[in-house]
Amino acid sequence: MDINMTLLGQTIAMIVFVWFCMKFIWPPLMAALEERQKQIEEGLAAADKGQESLVKAAAEADDIVAEARKQATDILNQANARANEIVADGKADGVKERERQLSAAKSEIEQESNRAREELRGQVSAIAIASAEKILNREIDGKAHDDILGKLAQEL
Amino acid sequence: MAAEGGHGPQTTGDYIQHHLQNLQVCKAESGEWVWNECAGNPMAINVDSMFWSVLLGVVFIVLFRRAAKNSSSAKPTKFQALVEIVVEFVDSSVKDTFHGKSRLIAPLGLTIFVWVFLMNLMDLVPVDWIPFFSSEVLGIPYMKMVPSTDVNVTFGMSIAVFFLIIFYTIKNKGITGFIGELTLHPIAPPTKGIGLIAAPFMIAFNFILESVALIAKPVSLSLRLFGNMFAGELIFILIATMFSGGLLLGAGGGLLHVGWAIFHVLIITLQAFIFMMLTIVYLSLASESH
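Which chain is which? The protein sequence lines are A and B, in order. The numbers in the first sequence follow our numbering, run straight up by one, and end at 208. The numbers in the second sequence follow our numbering, run straight up by one, and end at 310.
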């Protein structure tokens, strides 16, 4: 239990150990700890930022989808309108065409019937003249009654 | 177990005496270096205390230095995590108490905490293992392996702290501040008038009071640690004497040993913490003005 030189030895040992700790142990450990703290802090901040940008991106995507949907609807509406227009145009064209063809056919028919009638008239008058000739051949000269026959042909 | 080889049969008293004896070396009056005949010689050295404390200090240095070297790697190992926990614990204790800036205080606290803890930890090694090994195998008769049960060791550390207290006081308050602290508190002497006659007495009174308070710091610091560890070690030794007292007493001793060891885990940690904390408190008191 005596106090002796061990005391001095212990003091010297302590000074050496504390000096070593101060020089070679404490600073690198504290630096590492601080660096790790910084890293964790930065990591957390980055995670927050990522979360934020994710939310933003999601909102942006929603906007884009909504815009696209709206555009699609517009395009659809336009296409429908165009289709209706085309159909309406086609209908009008058809009607016009039909009418044109109808009138062409009608006039052709009329022309044909007129021509046929002319022909028929000529033939009838020829037949009438021939029959009248046959009748009159016996009685009168054909030449004397030509004007009357002409009149008759006119009336037919 | 109680029978130490090479010393013949011994009484319980001898056994305890033997366990409390340091391995000492000193220069005898004849001029020769002698072992274990140094009672009362102030130049003696307790070889076992020095050996174990330096060994444990080196263990601390090597382990923590290795952790410090690897500390920059991104993925810390479990041991590194442990070291970092200890370092952060010491660092937060220092930051809570010491508000000045000092490169010394925190490493000092760390060294004290870990070193004292390791020295105290030796208390948990069964009391006969190392002494038995050293006397039987190495032929060394005495081996007290818990350095903090040696009052020289605890005093050696607290004296270093004591000088640091004085150094910090003078550094932060000047030599006059240091003298003023010793003489002008707690009773401020009158500076003028008839009371001036009483001033020397007051200063003397203050000086006695304050120097006792100052010296009490290292004394209490070292004796607290020494007392706790010495008492703990003594109880372990007393329990160990039961092992030779028959089956029943031996079994009871075993139970007691386990119980005391578990309780002692708390004590050794607490004492290491108290030593560190008081060192920090004393040094922060020395660097702060009132």
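Think of the CB as a built atom: it goes at the ideal place given N, C-alpha and C, for glycine as much as any other residue.
Contacts with chain A at 7 Å (Cβ-Cβ) include Ala-64/B. Burial check for Gln-44/B: the Cβ neighbour count within 10 Å reaches 16 or more, so the residue is buried. Collapsing the DSSP output to three states places Cys-73/A in a helix.
Residues of chain B with a Cβ closer than 7 Å to the Cβ of Val-70/A are, in chain order, Pro-127, Leu-128 and Thr-131.
Here Asn-66/B carries a strand assignment [DSSP, helix/strand/coil].
In the structure shown, Lys-47/B falls within a strand segment according to DSSP collapsed to helix, strand and coil. The beta carbon of Tyr-162/B sits closer than 6 Å to those of Gln-41 and Leu-43, all from its chain and outside the five residues before and after it, given in chain order. The segment 213 to 229 of chain B and the segment 126 to 142 of chain B do not touch, with fewer than three beta-carbon pairs separated by less than 8 Å. For Lys-164/B, the closest of Gly-273/B, Ala-281/B, Glu-201/B and Asn-66/B by C-alpha to C-alpha distance is Asn-66/B. By alpha-carbon distance to Ile-55/A, the top candidate from Cys-58/B, His-38/B and Tyr-35/B is Cys-58/B. Secondary structure of Val-54/B (DSSP, three-state): strand.
For Leu-96/A, the nearest beta carbon of chain B is not closer than 7 Å to its own beta carbon.
Leu-305/B and Asn-172/B have their C-alpha atoms roughly 26 Å apart. Under the 10 Å beta carbon count, Thr-196/B is surrounded by fewer than 16 other beta carbons and is classified as exposed. Contact of Asn-172/B with chain A is assigned, a C-beta pair being separated by under 7 Å. With distances taken between CA atoms, Pro-62/B lies nearest to Met-57/A out of Leu-188/A, Met-57/A, Ala-133/A and Trp-71/A. Our two residues, Ala-120/A and Asp-141/A, have alpha carbons roughly 31 Å apart in a direct line.
Per DSSP, the unbroken alpha helix (DSSP H) holding Tyr-302/B starts and ends at 266 to 307. Comparing alpha-carbon positions, the option among Phe-295/B, Ala-48/B, Ala-87/B and Arg-86/B lying closest to Phe-246/B turns out to be Phe-295/B. Going by C-alpha positions, Tyr-302/B is about 17 Å away from Val-70/A.
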